[in-house]
Amino acid sequence: MNTHKTLIVGNWKMHFTIGESSMFIRKLEEQLKIPSSVEVVVAPTTLALQSVSLQLKHHRKFKLAAQNCFWRDFGAYTGEVSAHMLRGLTQYVIIGHSERRHAFGEIDKDIRLKVQAVVRNQMQPILCVGETAQERADGDTGFTLHDQVTAGLANITSEEMHRIVIAYEPVWAIGTGENAKTTDVAAAMKLIRKQVKDLFGKQASLDLRLLYGGSVDGANATQYLALPDVDGLLVGGASLKPEVFGDIIASAKS
Ligand code: PGA
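According to the working numbering, the sequence shown holds residues 2 to 255 in order.
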């Protein structure tokens with residue numbers, strides 16, 4: 002759809018200590034062959050971002066993402082890490098992941114402010130959207146995606162849209178091994194791109210990078226990457242296995 006490299010993001014979630022993250026990065030550096038047409042991003046725990054960033058300095062084989070951030074730059078917000086503090090450390094920040102929405106009660110208002118804070122701090126948000134099993138069963142997938150995309154991007158201008166990545170992740174497919182049908186993924190992607198076009202214009206919709214995520218592995222990556230609106234993948238569990246992550250990256254080449 003656009004001229005960007007295929008984007009493969011590995012979300013490590015709450016796995017690996019600082020030391021384990023560093024060892025895992027070394028393993029990935031040794032094992033992974035990254036084709037020039039593919040951009041690889043890994044999202045370790047916040048605590049390991051600095052050490053991993055220093056470790057990667059010499060090679061820059063991968064880019065880094067944070068898994069979350071807070072939207073105020075600083076202040077009395079116990080336990081939070083701001084987008085401002087991540088600036089210079091990571092290129093991307095995952096925002097509104099379904100685990101943030103459902104396990105930590107994040108609502109559209111938080112997500113919209115976080116997306117804006119990431120852009121304001123010169124990084125790129127990966128805005129996650131996706132319907133629950135119930136919403137799909139009720140035939141509400143389109144409404145859910147419409148609401149989440151509109152709300153998530155409400156503070157963004159057309160000029161800023163080139164920084165935005167959206168990941169479509171059906172909640173019921175995350176970490177479950179349940180594979181979404183390619184026809185359903187294609188329909189959801191088309192809807193999201195059309196909505197960005199309606200909101201921000203044609204150029205923004207062409208520039209937008211759209212990722213698919215939800216139980217992606219070495220065996221099914223190719224079928225999702227082959228869809229016309231898919232520019233890459235957001236990978237959870239399979240990114241914790243170097244060989245499988247390597248297979249996914251290899252599928253992205255073709
Ligand atoms: P999964 O996770 O690949 O383990 O389903 C995807 C995600 O949470 O982004």
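Here a beta-carbon is modelled for each residue, glycine too, at the ideal position from N, C-alpha and C.
Whether residue i touches residue j by CB criterion (7 angstroms)
i, j, result
"Phe63", "Val43", "yes"
"Ala138", "Trp173", "no"
"Val10", "Leu235", "yes"
"Ser159", "Phe201", "yes"
"Pro243", "Leu90", "no"
"Ile101", "Asn69", "According to the sequence shown, residue 101 is Arg rather than Ile. Cβ distance < 7 angstroms, so Arg101 and Asn69 count as in contact."
"Ile249", "Ala205", "no"
"Gln56", "Ser23", "yes"
"Gln123", "Thr183", "no"
Among the options, the one whose alpha carbon lies nearest that of residue i
i, options, result
"Lys110", "Phe71, Gln125, Val217", "Phe71"
"Leu226", "Leu128, Leu154, Gly238, Ala251", "Ala251"
"Gly97", "Thr18, Val53, Ala187, Val166", "Val166"
"Arg113", "Met190, His103, Pro126", "Pro126"
"Ile1", "Asn180, Ala152, Glu161", "Past the boundaries of the shown model lies residue 1; the chain is included only from 2 to 255, so the question cannot be answered."
"Val82", "Leu57, Ser52, Leu48, Ser54", "Leu48"
"Thr18", "Thr4, Gly143, His5, Val53", "Val53"
"Arg88", "Ala104, Thr79, Ala67", "Ala67"
"Leu207", "Tyr213, Gln224, Lys191, Val217", "Lys191"
"His103", "Cys129, Val197, Thr183", "Cys129"
"Glu21", "His5, Lys58, Val245, Leu50", "Leu50"
"Gln92", "Leu65, Thr79, Arg73, Asp74", "Leu65"
"Ser38", "Phe105, His5, Val245, Gly178", "His5"
Opposing strand residues paired with residue i [DSSP bridges]
i, result
"Asn69", "Paired residues: none, contrary to the question."
"Ser83", "Phe71"
"Gln125", "Tyr93"
"Leu228", "The partner list for Leu228 (beta bridge, DSSP) is empty, contrary to what the question assumes."
"Gly11", "Val43, Val236"
"Val166", "Ile127, Arg210"
Integer-rounded CB distance, given that residue j should sit under 8 angstroms from residue i
i, j, result
"Gly237", "Ile157", "Not really, about 26 angstroms apart at Cβ, beyond 8 angstroms."
"Thr7", "Asp232", "7 angstroms"
"Gly131", "Glu107", "Contact flag wrong, Cβ pair sits at about 13 angstroms."
"Gly219", "Gln32", "Actually they are not in contact, since the Cβ atoms of Gly219 and Gln32 sit about 13 angstroms apart, beyond 8 angstroms."
"Gly215", "Ala181", "6 angstroms"
"Lys254", "Pro36", "4 angstroms"
"Ala84", "Val119", "5 angstroms"
"Thr142", "Ala187", "Actually they do not touch by this definition, with Cβ atoms about 13 angstroms apart."
"Val197", "Leu209", "5 angstroms"
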